[in-house]
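Comments concern the structure below.
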Amino acid sequence: MKKYDVYGMGNALVDIEFSVKDNFFSDNEIEKGLMTLVDEERQNSIMKHFNGNGGGKVACGGSAANTVIGLSYFGGKAFYTCKVADDEHGHFYMDDMHSAGVETNIKGVMEEGVTGKCLVMVSDDAERTMNTYLGASETLSEKDLDLEAIKASEYLYIEGYLVTSDIARVAVKKAYVTALENGVKVALTFSDPAMVKYFKDGMKEMVGDGVDLLFCNAEEAMLWTDCDNVNEAAEKLKRTATNFCMTLGSEGALLYDGKEYINIAPNKVTAVDTTGAGDLFAGSFLYGITNGMTFQQAGDLASAASSQVVSKFGPRLTKEEHDELAKK
Numbered sequence: 020m021k022k023y024d025v026y027g028m029g030n031a032l033v034d035i036e037f038s039v040k041d042n043f044f045s046d047n048e049i050e051k052g053l054m055t056l057v058d059e060e061r062q063n064s065i066m067k068h069f070n071g072n073g074g075g076k077v078a079c080g081g082s083a084a085n086t087v088i089g090l091s092y093f094g095g096k097a098f099y100t101c102k103v104a105d106d107e108h109g110h111f112y113m114d115d116m117h118s119a120g121v122e123t124n125i126k127g128v129m130e131e132g133v134t135g136k137c138l139v140m141v142s143d144d145a146e147r148t149m150n151t152y153l154g155a156s157e158t159l160s161e162k163d164l165d166l167e168a169i170k171a172s173e174y175l176y177i178e179g180y181l182v183t184s185d186i187a188r189v190a191v192k193k194a195y196v197t198a199l200e201n202g203v204k205v206a207l208t209f210s211d212p213a214m215v216k217y218f219k220d221g222m223k224e225m226v227g228d229g230v231d232l233l234f235c236n237a238e239e240a241m242l243w244t245d246c247d248n249v250n251e252a253a254e255k256l257k258r259t260a261t262n263f264c265m266t267l268g269s270e271g272a273l274l275y276d277g278k279e280y281i282n283i284a285p286n287k288v289t290a291v292d293t294t295g296a297g298d299l300f301a302g303s304f305l306y307g308i309t310n311g312m313t314f315q316q317a318g319d320l321a322s323a324a325s326s327q328v329v330s331k332f333g334p335r336l337t338k339e340e341h342d343e344l345a346k347k
C-alpha cells in the first residue's frame, strides 16, 4: 500500500476573490472567463478597484492545490510540491495547506521574493475570471521535487497551468519519468481552455507519450483534439489518455474507464461561483478511485461535490461538508 494516494504539483497562489459586474471586465480590458497571466504592477492596479470592498475572500489556492485539499478532506493522503516566497503570504499558504492535512515541500524551499497571487473575479452568471501573478511559483523547478514522495504515491497529478513556465515543464518531465520508472500512474488536468489554446505545444510536451488519467472540460477537449463536438473529441482523447474525465457543466460528466464510456448525471443546483468546481471534481474522483470506488461511484461523488461547491462563494468546501458528502 502506497504512503500517498496522490502527489500533486502545481502553482502555489493565494486566491483573493471578489464579486464583480460584467461591465468591470470591459472597463478594465479584462478577458472574461479565462485565466490571464499578468505582472505584479497590473495585478495591483486591478486590485485598487476593490479597496474598501472587505478585502475579498482569501485562501491558499492554485488548481492542483484545491484538488489535493479536496482529496485530503475526504480522508485521502496527499503530498503537494509547489513554490512560495518567504513572506507573509507564503507562510499563510504553508499553514493553510498543512492544516488541511496535506504534506508539502514548502518549508525547505522558501526563498526571498513574492508569493504568487490569483485575483478571482466572479460575475453574476457565476463564471470566474482570473488574473494571476505567479511570483515565486514561476521558479518551480526540478530541485523542488520530492522524488521519494513521488515513488511512494499511487498517482502523480500534474496541473496544466505549469505549461506557462519553461523550468516548470522540465520539472514536470522529471516527475513524469520518475513516476513511469516506479509504477506510479500519471494524471494531468488541462486546467483552463487558455492553456490548451495558447500553449498547445508546451502541453503536448507535458503529456508526453500519454497519461493514465486526464481531466478536462468539454471546451478544453475540443480545443485539444481540434473537434467541434464532444463525441468526436472523446474518441480522439483516447489517443492521449488511457482513462479520462470530461466535465460537461450542467449536463454532468463523461468518463472513459479504458473500455467503455460512463455518463455521470448532473446535480441540479443554482450556480453562484464556478471557481474550483473542476479542481474539486478531480480531487473527489482521485479520492474515490484510490480508495476502493468504481469509476461510476467516484464520478457520482465528484459530481455531487463539484455541484455543491458551485452553489456557494469560494473555491472549496469545508471539511465538515466533505464528511457529509462521504456519508451520502
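Numbering (the numbering used here), first residue to last: 20 to 347. Cβ atoms here follow ideal geometry from the backbone N, Cα and C, with glycine treated the same way.
### Query
Taking C-alpha atoms, which residue in 228, 225, 216 lies nearest to residue 240?
216
### 3-residue-minimum beta strand (DSSP E) runs that sit fully inside the segment 264–311, ordered along the chain
272–275, 280–283
### Message
Within a Cβ cutoff of 7 angstroms, which residues of the same chain sit near residue 296, ignoring the five residues on either side of it in sequence?
### Response
325, 328, 329
#### Entry: Identity of the residue in 190, 112, 171 nearest residue 23 by Cα
171
### Query
Considering only C-alpha positions, which residue in the set 322, 181, 175 is nearest to residue 156?
181
### Task
Taking only the alpha-carbon atoms, compute the straight-line gap between residue 41 and residue 237 and give it to the nearest angstrom.
24 angstroms
### Query
So what's residue 98 in DSSP terms, helix, strand or just coil?
strand
### Task
Count the C-beta pairs between the segment 79–93 and the segment 26–46 that are closer than 8 angstroms, then say yes if the count reaches three, no if not.
yes
### Terminal residues of the alpha helix (DSSP H) in which residue 215 lies
212–217
### Query
Which residues in the same chain have their Cβ closer than 8 angstroms to the Cβ of residue 195, if we skip the five residues on either side of it in sequence?
175, 177, 205, 225, 227
### Query
So, are the CB atoms of residue 231 and residue 201 less than 8 angstroms apart?
no
### Query
Do residue 131 and residue 104 have their CB atoms nearer than 8 angstroms?
yes
### Query
What residue range is occupied by the uninterrupted beta strand (DSSP E) comprising residue 46?
Taken as a continuous stretch (DSSP letters only), residue 46 belongs to no beta strand (DSSP E), being part of the alpha helix (DSSP H) at 42–46.
### Task
For the segment 146–160 and the segment 40–57, state whether three or more C-beta atom pairs, one from each stretch, are separated by less than 8 angstroms.
yes
### Task
Spell out the partners DSSP gives residue 237 in its beta bridges.
Per DSSP, none; premise fails for residue 237.
### Query
Measuring CA to CA, which of 320, 334, 331 is closest to residue 379?
Shown here, the chain extends from 20 to 347; a query on residue 379 therefore has no answer.
### Runs of beta strand (DSSP E) wholly within the segment 146–223 (minimum 3 residues, chain order)
147–154, 172–178, 204–208
### Query
Going by DSSP, which residues form a beta bridge with residue 35?
77, 138
### Query
Skipping 5 residues on each side, what residues in its chain have a beta carbon closer than 8 angstroms to that of residue 64?
none
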